[in-house]
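Step one of this worksheet: look at the structure below.
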């Protein structure tokens, strides 16, 4: 079954730049999909439209049964509760511990304390940081900070995990660690993962589905793709 | 359950924020305090003025004297015509004899002089005492009465009453103007305070958005913070109102300058006034923070 269905989507920014032209595709539940393309190819815009940070100017986006384009600002939280998001810059609260950072995601949606504790510990275990729950982000390496961010993104058991260049700030070794964590989440939790990246190495090694964008056009959607230089 | 939990967290965050941005919070609180003191004075003054205008209005009567030669038939005619005037609440008629008796009761001198006059040669006139519905239209009503045949004189203490009512209503307007201006200034100050606390927590708000906090959840701590500022700002004004008015009332023994102006009794007046002051404080805080949040969170 398809978790995401995108139909004839176009995104034109207010400054006149068109980031996405007439994009149609479907992503099935449990998939692991890379979105690749050079800068300005529209991959970030695509991710942003999936969590309704940006609205498509035309077309339809369905995520987990929600019509994202028609979602009112007030109701965006309903979508956000169904998905987790990971960024290049981690976006952690520096004055709070690892545990508190992950728990924050459940606190703001009003979860009871016992449930928070149980889910936070499970998520931190999944990313391999159970021994660092009382540390502050500053005391962790970049890779570890990103794993905290991933734990926060999955703590709510989302169906979909969106990653916008999650390894952009990390060296190749740490990047592969992160990929391992994401792969485990995809396999063990069944979470659908969509990851925008421009890291060839990762894409070629992981052998996952690949969406290739160029200048806002869909070039390719391969089941077991590699990073093709010519296409980009 | 969930709502209480969220509310608890919001209140905790609000107090944290007030303490964390203490100097700015203090500025807002002082501004609210000053505003509310003036608001309290204005409320006390205007309610007292209202109270006392009403008292005067209650006592305000138009006295109508008929011509000395008015017959019983004339009296009947005049009565009919008075009934037709809309602004008239009630009237009482006193004929010459009654007027004489009343005057005799009022003073010994009158008693001695009037005793020897019989009805025929009495210079006294039949009178109507008339109460009006709306005091503002009293002069209009008086003019209408004056135009009725056989009515010779109409009296209602015109000059003094008009001036008094005018003076008080303009005082009221001025105080309302000042109060509104002060409230607006205070709201702007609160908007700025809350904006700063929002700035400090922008990162957290961004993350809250990402992980699916509803606008309600994001907004509530800031609105509660505004209400807390309002509440803290109303403490001194409430004390001021309560004890200030009590002292004022005692000092003047319940009357201002003359027996004509009676002050409102302190209880329960000071309690309701305090409640209004606290209410305004909280409202101002809430409005200020709500509009600050609205602008900043693009909700």
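Residue numbers (this note's numbering), protein chains in the order written: chain A, 1 to 232; chain B, 1001 to 1299. Cβ coordinates follow ideal geometry from the N, Cα and C atoms, glycine included.
With contacts defined by Cβ atoms closer than 9 Å, residue 1265 of chain B and residue 1249 of chain B form a contacting pair. Think of a sphere of 7 Å around the beta carbon of residue 105 of chain A: the chain B residues whose beta carbon falls inside it are 1211, in chain order. Put simply, the region 37-46 of chain A touches the region 183-201 of chain A. At least three CB pairs are less than 8 Å apart. Per DSSP, reduced to three states, the secondary structure at residue 1060 of chain B is coil, with no helix or strand assignment.
Approximately 4 Å separates the beta-carbon atoms of residue 165 of chain A and residue 88 of chain A; this is inside 8 Å, confirming the contact. Among the CB atoms of chain B, none fall inside 9 Å of the CB of residue 194 of chain A. For residue 1197 of chain B, the closest Cβ of chain A is not nearer than 9 Å. Here residue 1092 of chain B carries a strand assignment [DSSP, helix/strand/coil]. Taking 9 Å as the cut-off, the beta carbon of residue 1175 of chain B is found closer than this to the beta carbon of residue 1045 of chain B. With its beta carbon at least 9 Å from every one in chain A, residue 1247 of chain B lies outside the interface.
Per DSSP, residue 1111 of chain B is one residue of the alpha helix (DSSP H) stretching across 1108-1114. By the criterion of at least three beta-carbon pairs nearer than 8 Å, the region 77-94 of chain A is in contact with the region 161-175 of chain A. Against chain B, the CB of residue 79 of chain A has a partner CB under 9 Å away; the residue lies at that interface. Look at residue 1193 of chain B: its C-beta is not under 9 Å from any C-beta on chain A. For residue 195 of chain A, the uninterrupted beta strand (DSSP E) segment begins and ends at 192-197. When secondary structure is reduced to three states using DSSP, residue 141 of chain A falls in the coil class, being assigned neither helix nor strand. Runs of the beta strand (DSSP E) lying entirely within the region 1151-1212 of chain B, each at least 3 residues long, are 1151-1155 in chain order. Contact between the region 1145-1156 of chain B and the region 1058-1071 of chain B is present: 3 or more CB-CB pairs across the two stretches fall below 8 Å. Using a Cβ distance threshold of 9 Å, residue 154 of chain A and residue 178 of chain A do not count as a contacting pair. In the DSSP assignment, residue 1249 of chain B falls within the alpha helix (DSSP H) that extends over 1235-1251. For residue 1006 of chain B, the closest alpha carbon among the candidates A:225, A:125, A:106 is that of A:106. Contact note: residue 1214 of chain B reaches chain A through 77, using a C-beta cutoff of 7 Å and chain order.
In chain B, no part has a C-beta under 9 Å from the C-beta of residue 124 of chain A; the shortest such distance is about 16 Å. The beta carbon of residue 21 of chain A does not come within 9 Å of any beta carbon belonging to chain B, so the residue lies off that interface. Contacts with chain A at 9 Å (Cβ-Cβ) do not include residue 1164 of chain B. Counting other Cβ atoms within 10 Å of its Cβ, residue 1274 of chain B reaches 16 or more and is therefore classed as buried. For the region 71-115 of chain A, the continuous beta strand (DSSP E) assignments of 3+ residues that do not extend past its boundaries occur at 83-87, in sequence order.
Measuring C-alpha to C-alpha distances from residue 135 of chain A to each of A:97, A:14, A:53, A:146 identifies A:97 as the nearest. In terms of CA proximity to residue 1181 of chain B, B:1042 leads the group B:1042, B:1010, B:1011.
Within the model, the alpha-carbon separation for residue 204 of chain A versus residue 1292 of chain B is close to 49 Å. Residue 1091 of chain B and residue 1067 of chain B have their C-alpha atoms roughly 18 Å apart. Flagged as an interface residue toward chain A: residue 1002 of chain B, by a C-beta distance shorter than 9 Å. Within its own chain, the residues whose Cβ lies closer than 7 Å to the Cβ of residue 116 of chain A, once the five positions on either side in sequence are excluded, are 103, 106, 107, listed in chain order.
Every alpha helix (DSSP H) of 4 residues or more that sits fully in the region 126-182 of chain A is shown, in chain order, as 142-154. Residue state for residue 52 of chain A is assigned as coil, using DSSP reduced to three classes. In this structure, the alpha-carbon of residue 101 of chain A lies about 15 Å from that of residue 125 of chain A.
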